[in-house]
Amino acid sequence: MDHVIFRTPFFLPLLYPGLLWRVPTNEKKLYLTFDDGPVNGPTEFVLEELKRFDAKATFFCIGNNVEQHPQIHQRILQEGHAVGNHTFNHIKGWNVSVDSYLKDVERCQNLVGPTKLFRPPYGRAKRSQLKKLSDYRIVMWDVLSYDYSNSVAKETCLKGVIRASRSGSIIVFHDSYKAEKNMMHALPRVLDHFKQSGYQFESLSDL
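In this text, residue positions in the sequence shown follow our numbering: the first is 119, and each later residue adds one.
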């Protein structure tokens, strides 16, 4: 799969204008986000790379993983990164009722702590579910790395992220076992490339 679209199609933010797709800025700032952790290995690799490049990021955590790896979750916070809610069981909103979805979100919220950031797994949720989550800042993205895809080569992943990113981009990587091969190749090189170009990497905590 060489022909993948790394940048979110322009019409999606028009259909869902209440969601955060990109940070409106002309400054050289990028917003790395990591979904599906925390887990042993990949999350710790991400934290080390962020520290090496003096970068901050936002981690959208699965509650079940936070429950299993509370020490890694605490490390994320202690090192100055932001966390967000990614549901407890990584459920696809289209497949469950509003009540079931909200209960799963609440269960995750009790573990991740006081955050108002939320990202629906797979980027998919019913409008009725999103409406009930109006207290959250619902964060999507404008650059998807495809680090999780076995059909995308690691160098394609890297080049796609670099080409698609621009000031204010919200970039999705995954700190998961499924994505670790591509992510571990692309992330350090993305950090290095944009740092050398004068960009700063910030978290979404202050938005």
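The C-beta atom is built at its ideal place from N, Cα and C for all residues, glycine as well.
Query	Result
Compute the Euclidean distance between the alpha carbons of K250 and Y264, then round it to the nearest angstrom.	29 Å
Could you check which residue in F129, Y317, C179 has the C-alpha nearest to that of L235?	C179
If you reduce the DSSP assignment to three classes, tell me which class I341 lands in.	Only positions 119 to 325 of the chain appear in the structure, and residue 341 is not among them; the question remains open.
Which one or two residues does DSSP pair with N203 in a beta bridge?	C179, F236
CB-CB under 6 Å to L150, same chain, minus the five flanking residues each way: which ones, in chain order?	A175, I289, F319
To the nearest angstrom, how far is the alpha carbon of S252 from that of G181?	20 Å
Could you tell me how far apart the beta carbons of V257 and I280 are, in whole angstroms, since I believe they sit closer than 8 Å?	So it is not a contact: roughly 22 Å between Cβ atoms.
Within 10 Å of its beta-carbon, does L262 have 16 or more other beta-carbons around it, so buried, or fewer, so exposed?	buried
If you follow the alpha helix (DSSP H) that Y317 is in, where does it begin and where does it stop?	Careful: Y317 lies outside any alpha helix (DSSP H) and carries neither H nor E.
Is the beta carbon of Y240 closer than 7 Å to that of K210?	yes
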